[in-house]
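J.:
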């Protein structure tokens, strides 16, 4: 039943602004068609493209079981059923906003305080980003975003609002840190094109890098925003997922302590319980704005994506249990650190490096040394092999608008230890095989001989991937790949 | 902390598209400042501006208490906690979509069937309407809407999407029925203005009229949509709140049975659990489209307003309990009918009529006879007296874009019997006082005498409202108000 006459739908409906027609969804399709299962499908694709936290859900489940009064459906909670079922005030339950404000402070080590009257609900961080885009910019106006950045920002911020995202180019030579020079360069470039810049959007901790933004950079951003009268939107949805030093610094803390002249009307924070708490199903997004007009407008827009009152009620009780939250955050940090260490050290065994990260549910893996050449096409070629042969759905750097080919985001917190070990084994096996081939090819080239390599199936035989070089760290200085991969 | 430099926000944020700056919110403000409470504030304002169903929540509460396995926070349901908390697929839980599809059929007397693959979630009907606007029309394009219509459609459909709503004028002489003549007239007028009409949006049952659209009119609309290749959006959020004959007819039934040539790609239904079930806090909006491309696009957009998985899980169990649902719908019908009968017959005692309705949570009350003159200004003048003196927050017809002054929507299902009786007493007292005054004034006018009427306070003394006439049904043929109120 194809729809004839596409002009009957809107341009948004007919267009690709949602991003799901992109080739980057190939990995998801491969996973969906053949999902790995420890017991029932050990040959399937392992999902490493999903930044989901399954490491601490047992703690939340346990709390929930011990607190039946937090569920309005239980004998202990049912006295609140009518009030809660009927509650539709877009300000949210006062106890929910208060619990959220105190929780946001606790997650940030009490180094900043949050006012419950500035807590605005939205349908996940997805809805929060869109709401801020609608509040802050007109169609055609732009936010600057350091690269690499979360691919779905294009959908969240731009699709329906019509605003633009313009990249601030960051590079591996300084660990993708955002510099003032790069910011100014992006800002000036936009102005030269006649595009009005309305804000800067960062993720801190960074998705996909797994790093945090240091205090000095945050102060620079707040100062730049103040001087140029543009907004600064800080997406802090991984604030509670920082598992190692250096300590996390929130923009909330920086504007209180470090930038006394900051125009707070320009500062907005996005938060969520999907990542730090592992509750994406509950659809809890938060806009925390220091600007009264934005709070008022975002609250009105929150009618399009309020949090279920049943869920607000439950979370109000859980988040205000400070002792539990303290325990949860400590345990979560410990488990995330252990997972990260196990995964990255496992990669190091075969010479694969990652950007040094201390936050998030993923690792920014460096496969530059395995590229056939230093191009986005070669990155995608390698990626397809990883999906279809190695059967891991990882995400290529180009999907994060990374200009430097060869980086991949690998999520490792959405699975149990055993699955993670299978994934690690697959990567190591793949890399070792690649290294053997590369070595053989180097020998062959040296001796002007053409060696016949063992091939696995017709598809592999047809793939130009077999010409791939070894990882950078194992390359000899003579390798033609050194330059291509630097 | 006022925000200086409004141009830093978007035009949407700076503008009034949300509608909340309108004077119509005066009634809500009056209620918020002094809410009636049976025990603690019997002099407060009674909320009759809220179409909320509190008559059957006890049944839902009871079911909930008897089914602890439907809550993931209970000992009986906790085994599902992790799966549900992590569930974020925008298709929704399969069991939720299936239960919703079967429930939608049951509500409509099994005269139409619904396919769970066409059930798309959104953040309440609010989010559903916006999503359809984004899917079906570009900024500047229009939907035609019969008047009077739900005021928040301007926010839901237009604010962020930029589409327009153009009225199809309906009139009291035929009980505000939508005629083909009025539709054609509105359609032609739009085209003359160079506005592209992309669809027709109706509420069936009607909010605010409390009436249903008959089969013939629905068939006319589906035929018109097919012939002119424009969409037909049917908001059926009160489909389960029809409490008297004639029987409800859904567009789903009409396109299956009555309009064989209908282009189903143009037909879309909005549903919700906020009204029929009295669960507005749960934020369950549904788009049911017969158009594959709209289903796909709306589903992608549903990322901005998914239903909490905790709530999906609970409702999947409740809605699939067909025996309970059967009992619920029967009992709900009985209670709504009783409430409607009690309220409208109470009004009749003092000669106040209502449009004959058989659905919804409100009554379309005719106070045309009480207007000083037949103008919107006089309607608002009367309305302010009702809010501030009678202390009832009812909604004036002009806020529903009704062109004929003197109609008011009065909600009566969001309160208990006792509160409703207080509200009824207040209206009757007000009308009787008005009648006495009008009578005295008529006598005074006859005898060329100026009577000194008792006045209540300075505000009342200054109000031109004291010159108001009596309700229409009590007017003598000589009254100068007869014409004004016809």
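Residue numbers (this note's numbering), protein chains in the order written: chain W, 602 to 1087; chain Y, 602 to 1087.
Yeah, the Cβ is synthetic: ideal placement off N, Cα and C, and Gly gets one too.
None of these values were measured; they are calculated from a predicted model.
1. Strictly by DSSP, which residues pair up with residue 890/W?
2. What are the partner residues of residue 646/W, as DSSP defines its beta bridges?
3. List, in chain order, every chain Y residue whose beta-carbon is nearer than 7 Å to that of residue 739/W.
4. Residue 965/Y: buried (16+ other C-beta within 10 angstroms of its C-beta) or exposed?
5. In whole angstroms, what is the alpha-carbon distance linking residue 1056/W and residue 979/W?
6. Would you say residue 666/W faces chain Y, with C-beta separation under 7 Å as the test?
7. Can you list, in chain order, the residues of its chain with a C-beta nearer than 6 Å to that of residue 700/W? Leave out the 5 residues immediately preceding and following it.
8. Give me, in chain order, the residues of the same chain whose beta-carbon lies closer than 6 Å to that of residue 1015/Y; leave out the 5 immediate sequence neighbours on both sides.
9. With a threshold of 7 Å between beta-carbons, can residue 679/Y be considered close to chain W, or not?
10. Examine chain W for any beta-carbon lying closer than 7 Å to the beta-carbon of residue 887/Y, and answer yes or no.
11. When we look at the beta-carbon of residue 774/W and count the other beta-carbons within 10 Å, is it buried (16 or more) or exposed?
12. From this set, 992/Y, 1001/Y, 1037/Y, 758/Y, which residue's C-alpha is nearest residue 1021/Y's C-alpha?
13. Can you tell me the Cα-Cα spacing of residue 746/W and residue 737/W, whole angstroms?
14. Please confirm whether residue 686/Y has its beta-carbon closer than 7 Å to some beta-carbon of chain W.
15. I want to see whether chain Y comes within less than 7 Å of residue 683/W, judged by CB atoms only; does it?
16. For residue 1017/Y, tell me which candidate among 1003/Y, 1029/Y, 937/Y has the shortest Cα-Cα distance.
17. Sort 914/Y, 906/Y, 762/Y, 958/Y by Cα distance to residue 846/Y and report the nearest one.
18. Taking the alpha carbon of residue 910/W as the point to measure from, which residue in 877/Y, 882/Y, 949/Y, 659/Y has its own alpha carbon closest?
19. Answer yes if the stretch 993–1005 of chain W comes into contact with the stretch 744–761 of chain W, meaning at least three C-beta pairs across the two stretches below 8 Å, and no otherwise.
20. Verify the CB distance criterion: does residue 620/Y have a CB-CB separation below 7 Å to chain W?
21. From residue 743/W to residue 710/W, what does the alpha carbon distance come to, in whole angstroms?
22. Using the C-alpha atoms, what's the distance from residue 694/W back to residue 912/W?
23. Under 7 Å, do residue 823/W and residue 856/W count as touching if we go by C-beta distance?
24. Sort 678/Y, 657/Y, 1006/Y, 986/Y by Cα distance to residue 968/Y and report the nearest one.
25. Measuring straight from C-alpha to C-alpha, what distance separates residue 658/Y and residue 692/Y?
26. Apart from the five residues on each side of it in sequence, which residues of its chain come closer than 7 Å, Cβ to Cβ, to residue 932/W?
27. For the 8 Å Cβ check, are there 3 or more pairs between the stretch 666–685 of chain W and the stretch 882–892 of chain W?
28. Residues of chain W with a CB under 8 Å from the CB of residue 704/Y: which are they?
29. Quick one: Cα of residue 934/Y to Cα of residue 842/Y, how far?
30. Check the DSSP bridge columns for residue 1105/Y and list the partner residues they point to.
31. Which of the residues in the stretch 733–757 of chain W, read from start to end, lie with their CB under 9 Å from any CB of chain Y?
32. In the structure shown, what three-state DSSP assignment does residue 909/W receive?
33. Tell me which residues of the stretch 865–882 of chain W have at least one Cβ-Cβ distance to chain Y shorter than 7 Å, keeping chain order.
34. Of all the CB atoms in chain Y, is at least one closer than 7 Å to the CB of residue 662/W?
35. Would residue 1013/Y and residue 944/Y be called neighbours here (beta carbons separated by less than 7 Å)?
36. Using only alpha-carbon positions, find the residue among 678/W, 963/W, 664/W that is nearest to residue 679/Y.
T.: Reading off the structure:
1. Within the first chain, numbered from 1, the residue matching residue 890/W stands at position 289. According to DSSP, residue 890/W bridges with 869/W.
2. For the purposes of this step, residue 646/W is identified with residue 45 of the first chain, where counting begins at 1. Residue 646/W pairs with 636/W.
3. Position 138 of the first chain, counting from 1, holds the residue named residue 739/W. Near residue 739/W (Cβ distances below 7 Å), the residues of chain Y are 611, 612.
4. To locate residue 965/Y, count along the second chain from 1; it is residue 364. Here residue 965/Y is buried: its Cβ has 16 or more other Cβ atoms, across all protein chains shown, within 10 Å.
5. Here the question's residue 1056/W lines up with position 455 in the first chain. Here the question's residue 979/W lines up with position 378 in the first chain. Low confidence applies to residue 1056/W: its pLDDT is 44, below 50, so where it sits in the model is not reliable enough to give any reading.
6. Numbered from its first residue, the first chain carries residue 666/W at position 65. True, the Cβ-Cβ gap to chain Y drops below 7 Å.
7. Here residue 700/W is taken as the residue at index 99 of the first chain, counted from 1. Here the set comprises 917, 920, 921.
8. As a working mapping, residue 1015/Y is identified with position 414 in the second chain. 651, 653, 655, listed in sequence order.
9. Along the second chain, one-based indexing puts residue 679/Y at 78. Yes, contact with chain W.
10. Translated into the one-based positions of the second chain, residue 887/Y becomes position 286. False, the Cβ-Cβ gap to chain W never drops below 7 Å.
11. Your numbering for residue 774/W matches position 173 in the first chain. That one is exposed.
12. By 1-based counting over the second chain, the position of residue 1021/Y is 420. Looking at the Cα atoms, 992/Y is the closest of the given residues.
13. Within the first chain, residue 746/W is the residue found at index 145, counting from 1. Within the first chain, residue 737/W is the residue found at index 136, counting from 1. Rounded to the nearest angstrom, the two C-alpha atoms are 15 Å apart.
14. Translated into positions along the second chain, residue 686/Y becomes position 85. At least one chain W Cβ lies under 7 Å of residue 686/Y.
15. Indexing the first chain from 1 puts residue 683/W at position 82. Yes - at least one Cβ of chain Y is within 7 Å of the one on residue 683/W.
16. Stepping through the second chain from its first residue, residue 1017/Y is reached at position 416. Minimum Cα distance to residue 1017/Y is reached at 937/Y.
17. For the purposes of this step, residue 846/Y is taken as the residue at position 245 of the second chain. Answer by Cα proximity: 958/Y.
18. Translated into the one-based positions of the first chain, residue 910/W becomes position 309. The candidate whose alpha carbon is nearest that of residue 910/W is 882/Y.
19. Contact holds between the stretch 744–761 of chain W and the stretch 993–1005 of chain W, because three or more Cβ pairs, one in each stretch, are under 8 Å apart.
20. By one-based count along the second chain, residue 620/Y stands at place 19. Answer no: the Cβ-Cβ gap between residue 620/Y and chain W never drops below 7 Å.
21. Working through the first chain from its first residue, we reach residue 743/W at position 142. Working through the first chain from its first residue, we reach residue 710/W at position 109. Approximately 33 Å between the Cα atoms of the pair.
22. Walking along the first chain from the start, residue 912/W turns up at place 311. Walking along the first chain from the start, residue 694/W turns up at place 93. Roughly 10 Å separates the two Cα atoms.
23. The residue labelled residue 823/W in the question sits at position 222 within the first chain. The residue labelled residue 856/W in the question sits at position 255 within the first chain. Less than 7 Å separates the beta-carbon of residue 823/W from that of residue 856/W.
24. Counted from its first residue, the second chain places residue 968/Y at position 367. Among 678/Y, 657/Y, 1006/Y, 986/Y, the Cα nearest to that of residue 968/Y belongs to 1006/Y.
25. What you label residue 658/Y is simply residue 57 of the second chain in a count that begins at 1. What you label residue 692/Y is simply residue 91 of the second chain in a count that begins at 1. Straight-line measurement puts the Cα of residue 692/Y at about 28 Å from the Cα of residue 658/Y.
26. Translated into positions along the first chain, residue 932/W becomes position 331. The residues are 657, 660.
27. No, because fewer than three Cβ pairs between the stretch 666–685 of chain W and the stretch 882–892 of chain W fall closer than 8 Å, the two stretches do not touch.
28. In the second chain, the residue the question calls residue 704/Y occupies position 103. The contacting residues do not exist; residue 704/Y stays about 17 Å from chain W at best.
29. Here the question's residue 934/Y lines up with position 333 in the second chain. Here the question's residue 842/Y lines up with position 241 in the second chain. Their backbone Cα atoms lie some 6 Å apart in a straight line.
30. Chain Y is shown from 602 up to 1087; residue 1105/Y falls before or after that span and cannot be answered.
31. 734, 735, 736, 737, 738, 739, 740, 742, 753, 756, 757
32. Indexing the first chain from 1 puts residue 909/W at position 308. Coil.
33. 866, 879, 880, 881, 882
34. Within the first chain, residue 662/W is the residue found at index 61, counting from 1. Closer than 7 Å: yes.
35. On the second chain, residue 1013/Y is found 412 positions in, with the first residue counted as 1. On the second chain, residue 944/Y is found 343 positions in, with the first residue counted as 1. In contact: residue 1013/Y and residue 944/Y (Cβ atoms closer than 7 Å).
36. On the second chain, residue 679/Y is found 78 positions in, with the first residue counted as 1. Of 678/W, 963/W, 664/W, the residue nearest in Cα terms is 664/W.
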